[in-house]
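Chemist: In the numbering used here, the protein residues as written are 244 to 569. For each residue, glycine too, the CB sits at the ideal point set by N, CA and C. Small disclaimer: the values here were computed from a predicted structure and weren't measured. Supplied in structure tokens, the structure appears directly below.
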């Protein structure tokens with residue numbers, strides 16, 4: 244991240260924003276164990292995470308307000324440290340999970356795609372997260388140097404990373420929005436026995452009771468706002484048998500869910516309840532004040548590392564709030 248290109252926004256936050264006398268040894272221990280950070284570097288990484296939480300920014304110039312009692316820290320020092328940090332996907336996920344006050348599982352997983360614009364490049368950020376207590380925590384992510392929807396292989400890769408690290412038995416349900424649907428995707432999820440609630444488009448063709456291919460919006464055209472309908476049995480969607488449920492959210496706006504099991508009402512209710520996660524996984528960080536738009540990112544590696552810092556900060560913040568509310 245080129246500090247010379249960062250927005251010159253002055254922050255009024257001073258060193259008083261530090262989190263009192265809280266013991267940060269658990270954070271240091273996780274960073275040392277899971278990320279294999281050298282003890283000589285773990286202190287600065289820990290303080291950088293705490294600075295992000297305190298200042299709610301990733302602009303290095305603003306973060307200096309947190310370090311104003313340490314004359315050895317300047318923008319160049321922070322930049323150099325950031326450049327030297329090496330984050331590995333599996334270790335990052337293990338660190339995030341260890342930091343979080345998560346139940347033993349199984350967990351609700353969410354999938355989301357965001358676009359980051361720097362220069363003429365518009366890379367996609369494909370994110371697999373865990374829904375927990377009203378938030379969704381980024382766990383695995385992939386930065387892809389193109390615009391447009393994600394590919395099935397990219398989604399499978401993130402899911403396989405989760406399975407390799409935590410096991411398929413930790414997946415209670417996968418929630419995904421309409422853009423992530425597809426024949427190969429459904430087939431892979433069912434082959435791996437991964438439960439899913441997947442929103443699908445209203446123009447999707449499925450067999451009716453007479454086995455005639457019919458658009459879903461035609462099947463549910465009589466629904467009024469607030470009304471639901473659950474198709475009997477399983478229907479073939481892109482060659483895969485799934486259960487179909489629908490609710491009319493408002494006129495001409497249908498929520499249609501393809502689910503791996505027959506608990507259709509539960510599928511509909513769960514998806515509605517968690518819809519914010521599915522739609523705005525990365526936006527959630529912005530709304531909570533993790534203002535990573537303040538930094539200008541120059542390449543995919545820097546973007547990946549910045550999300551890593553935010554994920555660790557996010558996880559520690561949630562853990563700290565859970566302790567305070569206990």
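#1: Tell me whether residue 251 is buried or exposed, calling it buried when 16 or more other Cβ atoms sit within 10 Å of its Cβ.
#2: One question on the structure: do residue 349 and residue 425 come within less than 8 Å of each other, judged by their Cβ atoms?
#3: Relative to the C-alpha of residue 268, which residue among 422, 471, 289 and 460 is closest?
#4: Can you say whether residue 486 is buried or exposed, counting buried as having 16 or more other CB atoms within 10 angstroms of its CB?
#5: What number of angstroms, rounded off, separates the C-alpha of residue 428 from the C-alpha of residue 514?
#6: Starting from residue 383 and walking both ways along the beta strand (DSSP E), at which residues does that stretch end?
#7: Find out if the Cβ-Cβ distance for the pair residue 463, residue 497 is shorter than 8 Å.
#8: Assuming residue 291 contacts residue 324 (C-beta within less than 8 Å), just tell me the rounded distance between them.
#9: Is it buried or exposed, residue 281, if we count other Cβ atoms within 10 angstroms and call 16 or more buried?
#10: Using C-beta distances below 6 Å, list every residue in its chain close to residue 342, excluding the 5 sequence neighbours before and after it, in chain order.
#11: Pick helix, strand or coil for residue 505, following the three-state DSSP scheme.
#12: Which whole runs of the alpha helix (DSSP H) in the segment 424–449 are 4 residues long or more, in chain order?
#13: With a threshold of 8 Å, are at least 3 pairs of Cβ atoms found where one atom belongs to the segment 406–421 and the other to the segment 435–454?
#14: Measure from the alpha carbon of residue 385 to the alpha carbon of each residue in 511, 551, 489 and 555, then state which is nearest.
#15: Please identify the residue among 317, 509, 314 and 330 whose C-alpha is closest to the C-alpha of residue 285.
#16: Report yes if the CB atom of residue 517 is closer than 8 Å to the CB atom of residue 418, and no otherwise.
#17: Alpha carbons only, please: which of 328, 400, 336 and 315 is nearest the one belonging to residue 381?
#18: Does DSSP classify residue 416 as helix, strand or coil?
#19: Using a Cβ-Cβ cut-off of 8 Å (strictly less than) and excluding sequence neighbours within five positions of residue 466, which residues of its own chain qualify?
#20: Could you compute how far the alpha carbon of residue 366 sits from the alpha carbon of residue 388?
#21: Can you say whether residue 358 is buried or exposed, counting buried as having 16 or more other CB atoms within 10 angstroms of its CB?
#22: Using a threshold of 8 Å, state whether the C-beta atoms of residue 393 and residue 421 are closer than that.
#23: Sort out for me which residues DSSP pairs residue 350 with in a bridge.
#24: Straight-line CA distance for residue 345 to residue 321?
Modeler: Let me lay it out:
#1: Working through the chain shown from its first residue, we reach residue 251 at position 8. Low confidence applies here, because residue 251 scores a pLDDT of 36, under 50, leaving its location unreliable and the question unanswered by this model.
#2: Residue 349 sits at position 106 when you count from the first residue of the chain shown. Residue 425 sits at position 182 when you count from the first residue of the chain shown. Cβ atoms of residue 349 and residue 425: not closer than 8 Å.
#3: Counting from one through the chain shown, the residue named residue 268 turns up at place 25. When 422, 471, 289 and 460 are compared, the shortest CA-CA separation from residue 268 is found for 289.
#4: To locate residue 486, count along the chain shown from 1; it is residue 243. Residue 486 is buried by the Cβ-count criterion.
#5: Residue numbering aside, residue 428 sits at position 185 when the chain shown is read from its first letter. Residue numbering aside, residue 514 sits at position 271 when the chain shown is read from its first letter. For the pair residue 428 and residue 514, the Cα-to-Cα distance works out to about 19 Å.
#6: Here residue 383 refers to the residue found at position 140 of the chain shown. Boundaries of the beta strand (DSSP E) harbouring residue 383: 378–387, taken from the DSSP string.
#7: Working through the chain shown from its first residue, we reach residue 463 at position 220. Working through the chain shown from its first residue, we reach residue 497 at position 254. Less than 8 Å separates the beta-carbon of residue 463 from that of residue 497.
#8: Working through the chain shown from its first residue, we reach residue 291 at position 48. Working through the chain shown from its first residue, we reach residue 324 at position 81. Yes, residue 291 and residue 324 are in contact; Cβ-Cβ is about 7 Å, under 8 Å.
#9: Within the chain shown, residue 281 is the residue found at index 38, counting from 1. Under the 10 Å beta carbon count, residue 281 is surrounded by fewer than 16 other beta carbons and is classified as exposed.
#10: Numbered from 1 along the chain shown, position 99 holds the residue referred to as residue 342. 273, 558, 559 and 562, listed in sequence order.
#11: The sequence position of residue 505 within the chain shown is 262, counting from 1. Three-state result, residue 505: coil.
#12: The segment 424–449 contains these whole alpha helix (DSSP H) runs: 426–434.
#13: Yes, since at least three Cβ pairs between the segment 406–421 and the segment 435–454 fall closer than 8 Å, the two stretches touch.
#14: Mapped onto the chain shown, residue 385 falls at position 142. Among 511, 551, 489 and 555, the Cα nearest to that of residue 385 belongs to 551.
#15: Residue numbering aside, residue 285 sits at position 42 when the chain shown is read from its first letter. Answer by Cα proximity: 330.
#16: Here residue 517 refers to the residue found at position 274 of the chain shown. Here residue 418 refers to the residue found at position 175 of the chain shown. Going by beta carbons, residue 517 and residue 418 fall inside the 8 Å limit.
#17: Numbered from 1 along the chain shown, position 138 holds the residue referred to as residue 381. Among 328, 400, 336 and 315, the Cα nearest to that of residue 381 is on 336.
#18: Start at 1 with the first residue of the chain shown, and residue 416 comes out as number 173. In the displayed model, residue 416 falls within a strand according to three-state DSSP.
#19: Residue mapping note: residue 466 aligns to position 223 of the chain shown, counting from 1. Correct list, in chain order: 472, 489, 490, 491 and 497.
#20: Numbered from 1 along the chain shown, position 123 holds the residue referred to as residue 366. Numbered from 1 along the chain shown, position 145 holds the residue referred to as residue 388. Roughly 4 Å between the two C-alpha positions.
#21: In the chain shown, counting from the first residue as 1, residue 358 sits at position 115. It is exposed - the Cβ of residue 358 has fewer than 16 other Cβ atoms within 10 Å.
#22: Sequence index remark: in the chain shown, residue 393 carries index 150 (1-based). Sequence index remark: in the chain shown, residue 421 carries index 178 (1-based). Cβ distance not < 8 Å, so residue 393 and residue 421 don't count as in contact.
#23: Taking the chain shown and counting its residues from 1, one reaches residue 350 at position 107. Paired residues: 414.
#24: Taking the chain shown and counting its residues from 1, one reaches residue 345 at position 102. Taking the chain shown and counting its residues from 1, one reaches residue 321 at position 78. If you take the alpha carbons of residue 345 and residue 321, they lie about 31 Å apart.
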